[in-house]
Amino acid sequence: MVQRRDELLVAAVPQALLTDTFWVGTRIEDEVLGGAGIEYKIAPSGDEATLVEMARDCDAILTVFAKTTAAVIRSPADLRVVARYGVGVDNIDVSAATARGVPVTYIPDYCTEEVAGHALALLLGLNRALLKTHRGLIEGGFGVGLAKPVWRLSGLRLGIVGFGRCGRQLGRISAGLGMEIVACDPGFPTGAADPETGARFVSLDEIIATADMISLHVPLRPDTHHLFSDAEFAAMKDSAYLVNTSRGPVVDTVALARALEQGRIAGAGLDVYETEPLEPDHPLRTAPNTILTSHTAFYSETSLEENRRRAAQSVVDVLAGREPDHIANPDFAEGGKGRSRS
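In the numbering used here, the protein residues as written are 4 to 345.
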């Protein structure tokens, strides 16, 4: 019996492309995508030409770090969803997806505890001079002199820039250590207070001028690009520490290295960079009193599994006609009206 064309189309198996991965094995994708009858393939590289070619027959694209450009998004004839494994969507051309009427899903809350804990670890490591003491001991030194100066946490002022999920979680933990919490966030008026953490909302300028420690938890947007550069470092206390676990370009890292070399601030802890991996000759690599980690703040085995499972589930939901939990472009349906999806 010969099947009619429309029957073949109904029976077509949904296809998904994973632009990049950094984990070992595909058990979770097999369970979630495969369990829903979706076939998937993993791109051998994340360059645009490869992704454009591999995406042509796909209903869904899942991406971690690979640049999911307008060309990639326009490649499939009937793309129905782009899913980000993670919080930010700055590697995805969201406007191109919106223009095609395609939702972009993301997972904003899978690693809140991990990021806040990592930020605190960097702050504590700097305040307790752990790296400086470790290096001094390895080089033959010993004693309190290796660590000086160290300050008691209770009474120190922690400035949290961006009071979303991760910033608020850091505030909760730090308040329990007796720190004074000040914060700034466009969603909270200056002068307000957060009853849960005791955080007072002040201006960014006040945080820069008065905080003993500053932790950044903002998204990357035009108005947050190089939010901290030469002028901000010059205005900070020379005893202050800066930590960034948000997005690399929020900090002008060349200016930061210069400020550290000149002693304008006491130290810095970074998990994210303007270019990743961090360039071999970047001045941060030799800057004093700096703790650098390799974009791992989001990571625990627990958060990684949750991220993968929920991103894959968002694809299943969209392809099944259900609304996913989180959509980065809620106006996507308007963008697709009257336009060809191809």
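We put the beta carbon where it would ideally sit given N, CA and C, even for glycine.
Cα-Cα separation, V147 to G272
Taking the straight line joining both Cα atoms gives about 22 Å.
Reducing DSSP to helix, strand and coil, say where G2 ends up.
Residue 2 lies beyond the residue range present for the chain, which begins at 4 and ends at 345; the question has no answer from this structure.
For S317, three-class secondary structure by DSSP:
Helix.
Candidates A196, I268, L65: closest to L129 by CA position
Looking from the CA of L129, the closest CA among A196, I268, L65 belongs to I268.
The region 188-202 touching the region 82-95, judged by at least three CB pairs closer than 8 Å:
Too few Cβ pairs lie closer than 8 Å, so no.
What is the DSSP secondary structure of I330, reduced to helix, strand or coil?
Reduced to three states, the DSSP call for I330 is strand.
Please confirm whether A19 and V254 have their CB atoms less than 8 Å apart.
Going by C-beta atoms, A19 is not nearer than 8 Å to V254.
Relative to the alpha-carbon of A237, which residue among R224, Y43, E264 has its alpha-carbon at the smallest distance?
Of the candidates R224, Y43, E264, the one whose C-alpha sits nearest the C-alpha of A237 is E264.
Quick check on R59: buried or exposed, where buried means 16 or more other Cβ atoms within 10 Å of its Cβ?
By the C-beta density criterion, R59 is exposed, having fewer than 16 other C-beta atoms within 10 angstroms.
Of the choices T299, T200, L259, T227, whose alpha-carbon is the least far from that of P280?
Looking at the Cα atoms, T299 is the closest of the given residues.
Give the C-beta separation of T213 and R160 to the nearest angstrom, bearing in mind that I take them to be a contact with Cβ-Cβ under 8 Å.
Indeed they touch by this definition, with Cβ atoms about 6 Å apart.
If distances are taken between C-alpha atoms only, which option among H228, V164, P327, D208 comes closest to S218?
The shortest C-alpha separation from S218 is found at V164.
Can you tell me the Cβ-Cβ gap for I176 and G201, rounded? I've got them flagged as a contact below 8 Å.
Actually they do not touch by this definition, with Cβ atoms about 13 Å apart.
Start and end residues, alpha helix (DSSP H) containing S98:
Segment 97-102, the alpha helix (DSSP H) holding S98.
Mind pulling the beta strand (DSSP E) runs of 3 or more residues that sit fully within the region 249-289?
Entirely contained in the region 249-289, the beta strand (DSSP E) runs reaching 3 residues are, in chain order, 270-273.
Quick check: the Cα distance between D197 and G170, rounded to an integer number of angstroms?
One C-alpha to the other measures close to 12 Å.
According to DSSP, V85 sits in a beta bridge with which residue or residues?
Bridge partners of V85: I64, V107.
Can you give, in chain order, each stretch of the beta strand (DSSP E) that sits fully within the region 139-223 and has at least 3 residues?
If we require 3 residues or more, the beta strand (DSSP E) runs fully inside the region 139-223 come out as 160-164, 183-187, 216-219.
On the criterion of 16 or more Cβ atoms from any shown chain inside 10 Å, does S206 qualify as buried, or is it exposed?
Exposed: under 16 other Cβ atoms inside 10 Å.
Can you grab the Cα-Cα spacing for the pair V246 / A122, in whole Å?
Here the alpha carbon of V246 sits roughly 7 Å from the alpha carbon of A122.
State the beta-bridge partners of I294 as determined by DSSP.
G272.
Reduced DSSP category for N94 - H, G, I as helix; E, B as strand; rest coil:
Note: N94 maps to coil in three-state DSSP.
From this set, G251, Q172, D208, Y302, which residue's C-alpha is nearest Y88's C-alpha?
Y88 has its Cα closest to that of Y302, out of G251, Q172, D208, Y302.
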